[in-house]
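See below for the structure under consideration.
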Amino acid sequence: MPKRADFHSILVIGSGPIIIGQACEFDYAGTQACLALREEGYKVILVNSNPATVMTDLDVADVTYMEPLTVEVLSCIIDKERPDALLPTMGGQTALNLAVALDKRNILSKYGVSLIGASVEAIHRAEDRKLFYQTMTQLGLDLPKSKQVHNLQEAKKVAEEIGFPIMIRPSFTLGGNGSGIALNQEELFYLCKEAFQAHPYQALTLDEALIGWKEYELEVIRDKQDHCIVVCSIENLDPLGIHTGDSITVAPIQTLTDKEYQNMRNAAFAVLRAIGVETGGANVQFGIHPHTGRMVVIEMNPRVSRSSALASKATGFPIAKIAAKLAVGYTLDELNNDLTGRQIPASFEPVIDYVVVKIPCFQFEKFPGIKDLLGPQMRSIGEVMAIGRTFSEALLKAMRSLEISAPPVFDLPLVSTPNSQRLWHLFHAFRSGMTISELHNLTYIDPWFLEEIKALVEAETQAAWTPQAIFKLKRLGFSDVHIADLLKVEEKEIRDSRIYWGIQPVFKRVDSCSAEFSTSTAYAYATYEQSCEASPSARPKVMIVGSGSNRIGQGIEFDYACVHAVKALKDMDYETIMVNCNPETVSTDYDCADKLYCSPLTIEDLLPIIDIEKPIGVLLQFGGQTPLQLAKSLEEMQIPLLGFNTALIDTCENRMHFKTFLEKLHLKQPENSVMYSLSDPLPTLTYPQIVRPSFVLGGRGMCIVNSNEELLRSLETAFYAAPNHPVLIERFLENAIEIDIDAISDGNEVFIPAIMEQVEYAGTHSGDSISYLPSLRIQEIIKDTLLQYTEVIALQLQLKGFLNIQFALQQGNIYVLEVNPRASRTIPFLSKATGIDLTKIATQCIMGCSLKELGYSRKTISLNYVFVKEPVFPHAKLGPISLGPEMKSTGEVMGIGATFQEARAKAQAAAGTSHKSYLFQTMQSLQDIQT
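Now the structure itself:
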């Protein structure tokens, strides 16, 4: 069918700020959708409130509104733009709920706006649990026993009918908000009371809790001609009862017979037809009893989802792009598969000859009051993905992609309860002699997965320093570090021996067709086999190292910077090589860089890519703290680093060296002292004091203390966060204004686009503070001094590219708090506010251009509006949050207005924080801000 000619303009709703359950996978989906629709000639109108997204760049949509995602705002935009259609399936649950609300208020009918991708009826049938249950029952599909309740009395009665344990689920929610499992009446009362308070106008659904059942997901696409394909089948390693976003997942499905899979596939197609998903993708979740084989439908999402992003990266099939084109009338057989050079249509169901493992990333250490316990409410902040020829290879690669240390001691309770460390304790359990049967009874994890983990533990006991033994371990996915630890030698010795014996990884391409057709896209992963499919070119290349998993302090902002660096390098005619392991991001889209390697961000994994591609240099400035930690090892291997060297990084990140650096420049720091170990004498500074470890991300281990007792506790945390590095203890500056400056240097000159003030006084992490442009409280003479200090620091460091400096202003005195020799999380916000692609300029400077020839000087940019950046916190999932020097926010929004009050009000509306308790910390400082 031809695309619809009755549409000329389409409104796309983004997902807003990064929150638990709705992260940068929707930036990836939204970017793909906007570009796909523009490719077809439609005018695309985008609304989103998140400045850190690629999709809000001015070249993605035709018209972009950086506004709060509310019905009132969308109504005004619809009134102004008069779009012909609305696509709500690319912005997560936020966009779906807004589409339903717009329809309920008759806004869509009033302006003649067609809903595409999913109808209101389909959204209701999928998201309203009562309607979903009725629809599935009419279809003849099995479901958990289920009933809706409207109050606590009804809940008690239904619980007696269904029996415990019981799953509590609200409708139209995100990331399992308000969900829980009750084992008794007391827990049922508590969970229902909480859910009714969070969702006062909704009924709750009480389901039979299928604890111990196996969970599966199918990513399915359907078009108007009823062509249906399964893009990817996904199996949860963890049993039902744990939110899929918090579960380790594996693709393709490993533990079903073909007959069981075909039954599930047919059921998924039937679900899409019954719900009414006619043009696009959906995620259908199933549960299967491990002994009887009973299959039930759990739920479905009539939109692209977190799993859609994983499925797209696992197979190379661009679900969001295809779904957007189906929404405007195309059929699957009319669209081509880009990975195979357009040799086959999109109706060809992807087939893969490798295994993909996703492991979620948690940060419970930042929220000490929250138990590390997993259930139906999502808690993970991000995720990593790894590809291997076998499950074991993919699993071990994914584990090291998380950049965390394994717990050193076996703890049996951490095996029997679902938590973020259970996988590592399963390895410990097998090492201690526990059996598959014992662990299956404790965890309900399928014996097949337990057998695979046990085989890895057995392989550890057979480790030997021989070519045959090393090759076997490498085929299984063991890293050189792991093998060296087993053999009690240094990693370098294993690497040197392996290379001497010719044991090197090769690279295979992701092609979505198991090599049945040739592929034109360079999307690769490493494995230990014979033939290599890397096919390096002779063009000059630059490698960009990504930021890995989303986490607090290192999120979507750094993916934004990486994507813009890739674009800038392409414009300069360099071949770009992106290395990353985060399936949610735009940077891991196969058509972002010229070549994409899905790889853990470790020296061992980077070196073979560098060896085969031979880039002229490696860019580490744009991926946050993770790439910086690789700099020393890369430099020792004589790999060219672009823009800086390790001595420069050490000057900024090592607290003692930084202190010396500032003293030489005669720049003030707060009064301070440096400690190298807990045995050093405590400083004699007055309280309060602030503790700052070296080489940390998101303020990890930083704390304000008021006594020796608090200081000692904080020092233990600080040395644990950054072992073998000095810790700075400084006098805390009370009632000081904190100032953020991002600058770009070419080594000779410095460009400073703006001075950013924080609303909260110094002591709140800059990522958690409300920030704004232009500066409103600082005198011109102080601004000039700040610019001079920034210039002096940048030129003294001899850095090329980005640097970020944090200052504090107290009673007219300027203090330097920190210097980060890399892109900061404020770069996207600053780029959107100034209208300048700052990452492009920084990249050009790194590659040898001068600021003078690019037309930029030290002078700040004049701004006609006030721009406010408001942080967003995971209150809904992790409870009340107190602010301090360690970052806690997961995302941000942007408010734009003629005055500070207008911009701040918009930012609050976008963040949904108008009445949050943490705002009391800002009220005193807000009084100082004048418009």
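For the sequence shown, the numbering used here assigns the number 5 to the initial residue and increments by one for each residue that follows.
Think of the CB as a built atom: it goes at the ideal place given N, C-alpha and C, for glycine as much as any other residue.
How far does the beta strand (DSSP E) with residue i in it reach, from first residue to last?
| i | result |
| --- | --- |
| Arg173 | Ile170 to Arg173 |
| Tyr793 | Run containing Tyr793: none in the beta strand (DSSP E); it sits in the alpha helix (DSSP H), Glu784 to Leu801. |
| Tyr194 | Looking at the DSSP string, Tyr194 is not in any beta strand (DSSP E); the run it does join, the alpha helix (DSSP H), is Gln189 to Ala202. |
| Cys871 | Checking the sequence, you will find Phe at residue 871 rather than Cys. Taken as a continuous stretch (DSSP letters only), the beta strand (DSSP E) holding Phe871 covers Val870 to Val876. |
| Lys362 | Val359 to Cys365 |
| Ile238 | Cys232 to Asn240 |
| Gly184 | Gly184 to Ala186 |
| Ser13 | Ser13 to Ile17 |
| Asp211 | Leu208 to Glu212 |
| Ala255 | Thr253 to Ala255 |
| Met898 | Gly895 to Gly901 |
| Glu764 | Met760 to Tyr765 |
Give me whichever residues DSSP pairs with residue i in a beta bridge.
| i | result |
| --- | --- |
| Gln815 | None, per the DSSP bridge assignment. |
| Gln26 | Ile23 |
| Leu73 | Leu73 pairs with nothing; no bridge assigned. |
| Asp746 | Asn808 |
| Gly386 | Cys365 |
| Phe511 | Ala530 |
| Phe290 | Tyr220 and Val301 |
Quick one: residues in its chain with C-beta nearer than 8 Å to the C-beta of residue i, no 5 flanking neighbours on either side, listed in chain order?
| i | result |
| --- | --- |
| Ile14 | Leu41, Tyr46, Lys47, Val48, Ile49, Pro87, Asp88, Ala89, Leu90, Leu91, Ile120 and Val332 |
| Thr935 | Note that Thr935 scores a pLDDT of 37, beneath 50, so its modelled location is shaky and nothing firm can be said. |
| Ile257 | Tyr220, Ser237, Ile238, Glu239 and Tyr265 |
| Leu882 | Ile24, Phe371, Ile374 and Arg383 |
| Arg298 | Asp146 and Ile292 |
| Ala278 | Arg129, Thr139, Met140, Gln142 and Leu143 |
| Leu669 | Val796, Ile797 and Gln800 |
| Ala315 | Glu223, Val235, Cys236, Ile238, Ala255, Phe321 and Ile323 |
One question on the structure: do residue i and residue j come within less than 7 Å of each other, judged by their Cβ atoms?
| i | j | result |
| --- | --- | --- |
| Ser1 | Asn584 | Outside the shown range of the chain (5 to 935) lies residue 1, about which nothing can therefore be said. |
| Ala199 | Ile172 | yes |
| Asp242 | Pro364 | no |
| Thr894 | Ile111 | no |
| His769 | Met891 | yes |
| Leu147 | Tyr137 | yes |
| Ser183 | Glu131 | no |
| Ala324 | Ala37 | yes |
| Ser551 | Thr439 | no |
| Asp746 | Leu834 | yes |
| Phe395 | Pro354 | no |
Counting only the same chain and skipping the five closest in sequence on each side, list residues whose C-beta sits under 6 Å from that of residue i.
| i | result |
| --- | --- |
| Asn739 | Tyr765 |
| Gly96 | Ser19, Gln26 and Phe30 |
| Thr917 | none |
| Asp376 | Phe368, Asn423 and Ser424 |
| Gly702 | Ile556, Gly557 and Met891 |
| Asp992 | Absent from the model: residue 992. The displayed extent of the chain is 5 to 935, so no value can be given. |
| Ser718 | Val695, Cys707 and Val709 |
| Phe11 | Asp88 and Ala89 |
| Ala915 | Glu874, Val876 and Val897 |
For residue i, report the span of its alpha helix (DSSP H) as first-last.
| i | result |
| --- | --- |
| Gln472 | Pro471 to Leu480 |
| Asp772 | Note, Asp772: premise wrong, no alpha helix (DSSP H); not H, not E. |
| Met660 | Arg659 to Lys668 |
| Leu102 | Gly96 to Lys108 |
| Met59 | It is not in any alpha helix (DSSP H) - Met59 carries neither H nor E in the DSSP assignment. |
| Lys228 | Note, Lys228: premise wrong, no alpha helix (DSSP H); not H, not E. |
| Ser828 | Note, Ser828: premise wrong, no alpha helix (DSSP H); not H, not E. |
Give a yes or no on whether 7 Å exceeds the smallest Cβ distance from residue i to chain B.
| i | result |
| --- | --- |
| Glu608 | The structure shown contains no chain B; it holds only a single protein chain. |
Less than 7 Å between C-beta atoms, sequence neighbours within five positions excluded: which residues of the same chain meet that for residue i?
| i | result |
| --- | --- |
| Cys596 | Val567, Val570, Met582 and Val590 |
| Phe453 | Leu241 |
| Glu495 | Asp484, Val485 and Ala488 |
Would you say the segment 785 to 798 touches the segment 807 to 827, given that touching needs at least three Cβ pairs under 8 Å?
-> Result yes; three or more Cβ-Cβ pairs closer than 8 Å.
For the 8 Å Cβ check, are there 3 or more pairs between the segment 204 to 220 and the segment 289 to 302?
-> Verdict: yes, contact present.
Contact between the segment 664 to 675 and the segment 510 to 519: three or more CB pairs below 8 Å?
-> The answer is no - the segment 510 to 519 does not touch the segment 664 to 675, with fewer than three Cβ pairs under 8 Å.
Is the segment 470 to 479 touching the segment 501 to 511, taking contact as three or more C-beta pairs under 8 Å?
-> Per the Cβ contact rule, the segment 470 to 479 is in contact with the segment 501 to 511 (3 or more Cβ pairs under 8 Å).
At a cut of 8 Å, does the segment 223 to 231 reach the segment 322 to 339 through at least three beta carbon pairs?
-> These segments touch.
Can we say the segment 616 to 635 touches the segment 681 to 689, given the rule of at least three CB pairs closer than 8 Å?
-> Short answer: they don't touch.
So does the segment 833 to 853 actually touch the segment 636 to 644, counting three or more Cβ pairs closer than 8 Å?
-> Too few Cβ pairs lie closer than 8 Å, so no.
Is it true that the segment 593 to 610 meets the segment 394 to 411, where meeting means three or more beta-carbon pairs spaced less than 8 Å apart?
-> By the criterion of at least three beta-carbon pairs nearer than 8 Å, the segment 593 to 610 is in contact with the segment 394 to 411.
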